[in-house]
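Structure, as C-alpha cells:
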Amino acid sequence: MATTSPPAANTQRHPGRVYVGLGIALVILGPILYMVQLWARILRTPWYVPVLATAGVALAFVAVLRRPNVWRILALAFCLAFAFIAWQFILVSSKLPAYTGPVATGVTLPAFTATLADGSPFNQDSLRGEQNTAMVFFRGRW
Numbered sequence: 452m453a454t455t456s457p458p459a460a461n462t463q464r465h466p467g468r469v470y471v472g473l474g475i476a477l478v479i480l481g482p483i484l485y486m487v488q489l490w491a492r493i494l495r496t497p498w499y500v501p502v503l504a505t506a507g508v509a510l511a512f513v514a515v516l517r518r519p520n521v522w523r524i525l526a527l528a529f530c531l532a533f534a535f536i537a538w539q540f541i542l543v544s545s546k547l548p549a550y551t552g553p554v555a556t557g558v559t560l561p562a563f564t565a566t567l568a569d570g571s572p573f574n575q576d577s578l579r580g581e582q583n584t585a586m587v588f589f590r591g592r593w
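Residues in the sequence shown are numbered from 452 upward in steps of one, following our numbering.
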C-alpha cells in the first residue's frame, strides 16, 4: 500500500502583504517624526519625510508586483500621492523667495530705536562714525 504525503502547505498565502504593510508604515512614520520634531522645537528641514515616503512607494510597488490586486494598487497610489506631496513641499513650497528688501549698497539705514541689555538707548546715531557701518542680525541658538 502506497502512502502519499499531504501536499506541502503554502507557507506564504499572501505574498507581498508584509511589503505593503511596511510601505504604508514608512509613509505614516514620516509625518509622525515631523510632529515630534516640531514638538521638540527643532526647526530643521525634514528631509526624512519624502525619503521615507519614497521607500514606502518602493515597498508598495514590490507588493503589487508580487500579487496585484485592487487594495495593493490603492495603497501604492496613496504612497505615490504622499511622496509627491512631500517632495513638492520640501523642494518647491518651502523655498524662500529672493530677498528684495530695502537694504542695498549706498542706502542709508532707516531710523530705529532699541534698548540695550543695560537699559541704555541704541539708535541709528550710535552707529555713526568715520567708516561705513554694516548691521548684521544673527539669531543664535542658546
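For each residue, glycine too, the CB sits at the ideal point set by N, CA and C.
Given the structure is predicted, the values throughout are model-derived calculations rather than measurements.
Rounded straight-line distance, which links the Cα of residue j to that of residue i
i: G474; j: I524; result: 12 angstroms
i: I536; j: V513; result: 21 angstroms
i: I479; j: S544; result: 21 angstroms
i: G580; j: T564; result: 18 angstroms
i: A528; j: V469; result: 17 angstroms
i: L484; j: L510; result: 20 angstroms
i: W538; j: P501; result: 5 angstroms
i: A476; j: A526; result: 11 angstroms
Buried/exposed call for residue i, threshold 16 Cβ in 10 Å
i: A506; result: buried
i: L542; result: exposed
i: V515; result: buried
Endpoints, the alpha helix (DSSP H) within which residue i is located
i: F540; result: It is not in any alpha helix (DSSP H) - F540 carries neither H nor E in the DSSP assignment.
Per-residue DSSP class, three states only, for residue i
i: A504; result: helix
Within 9 angstroms, strictly: CB atoms of residue i and residue j
i: A504; j: G481; result: yes
i: V508; j: A534; result: yes
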